[in-house]
Amino acid sequence: MPMQSVSFDAASLKILEALQDNAEISNADLAESVGLSPSPCWRRVAEMKAQGVFKRTVLLVDPLKLGLAMNVFVHVSLQQQDKQSLEVFISAVQARPEVMECYLMTGEADFLLRVVIEDLPRYQEFMLEVLTQIPGISSIRSNFALNQVKYTTALPVKHLER
């Protein structure tokens, strides 16, 4: 993953932190909270958008309100780590809405998935009807989250102040 560096001054970092906390904040309120007038604030936001700093704007939904009570972390190992096996697995999990995150890993497992699902019977169904049907899997290990201690979508920015 190549790094593309973008320069940030103190005001832009404040804007970035504020928008990560609340993307629906009005420009006037954002400008006031970071100590700028609205026009320069708007220009900085537009510049960050143009530079690709913001990938997209989303609404975060409470999973419990949708009946999605379980977070399952799934470690998947493949029989072979060749290009075709990786592509088959990646394609299969990208098509599944209950797979919230999927990472290609180093270490004991080849992939780490975060699956959000209703309950244990639904996870068992997902495991038997989806995961075990993907060709090339050698092992699946599931860990169930008991409680979400911390969850954030805001990336740290303090290191950019240096």
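So that you can map any letter, position 32 of the sequence shown is 32 in UniProt numbering, and since no number is skipped, the others follow by simple counting.
Quick reminder that beta carbons are idealized off the backbone N, C-alpha and C, glycines included.
Model, not experiment: these values are computed from the prediction.
*Runs of alpha helix (DSSP H) lying entirely within the region 15-74, each at least 4 residues, in chain order*: 27-34 and 38-50
*asked:* Rounding to the nearest angstrom, what Cα-Cα distance links Leu36 and Tyr151 in this structure?
replied: Sequence index remark: in the sequence shown, residue 36 carries index 36 (1-based). Sequence index remark: in the sequence shown, residue 151 carries index 151 (1-based). C-alpha separation (whole angstroms): 30 angstroms.
*Mapping DSSP to helix, strand and coil, what is Arg122?*
On the sequence shown, residue 122 is found 122 positions in, with the first residue counted as 1. Arg122: helix per DSSP, three-state reduction.
*Hey, how far is the Cα of Gln79 from the Cα of Ala92?*
The count along the sequence shown starts at 1 and reaches residue 79 at position 79. The count along the sequence shown starts at 1 and reaches residue 92 at position 92. Whole-angstrom Cα-Cα distance: 16 angstroms.
*Residues near Ala145 by beta carbon distance below 8 angstroms, same chain, minus five either side*: Within the sequence shown, the letter at position 145 stands for residue 145. Counting only Cβ-Cβ distances below 8 angstroms, and skipping sequence neighbours, we find Met70, Asn71, Val72 and Phe73.
*Look at Asn22 and Pro38 and say whether their C-beta atoms are less than 8 angstroms apart.*
Position 22 of the sequence shown holds residue 22. Position 38 of the sequence shown holds residue 38. Not a contact, by the Cβ cut-off of 8 angstroms.
*With a CB to CB cut of under 6 angstroms and the five nearest residues on each side skipped, what residues in its chain are close to Gln20?*
Position 20 of the sequence shown, counting from 1, holds the residue named residue 20. Result list for Gln20: Ala154, in chain order.
_Taking the straight line between their C-alpha atoms, what separation do you get for Leu60 and Asp9?_
Mapped onto the sequence shown, residue 60 falls at position 60. Mapped onto the sequence shown, residue 9 falls at position 9. Leu60 and Asp9: Cα-Cα distance of roughly 28 angstroms.
*By DSSP, does Glu98 sit in helix, in strand, or in coil?*
As a first step, residue 98 must be located in the sequence shown, where it is residue number 98. Residue state, collapsed to three classes: coil.
*Would you give the residue range spanned by the beta strand (DSSP E) that Asn143 belongs to?*
Taking the sequence shown and counting its residues from 1, the one referred to as residue 143 is at position 143. Looking at the DSSP string, the run of the beta strand (DSSP E) that includes Asn143 is Ile137 to Phe144.
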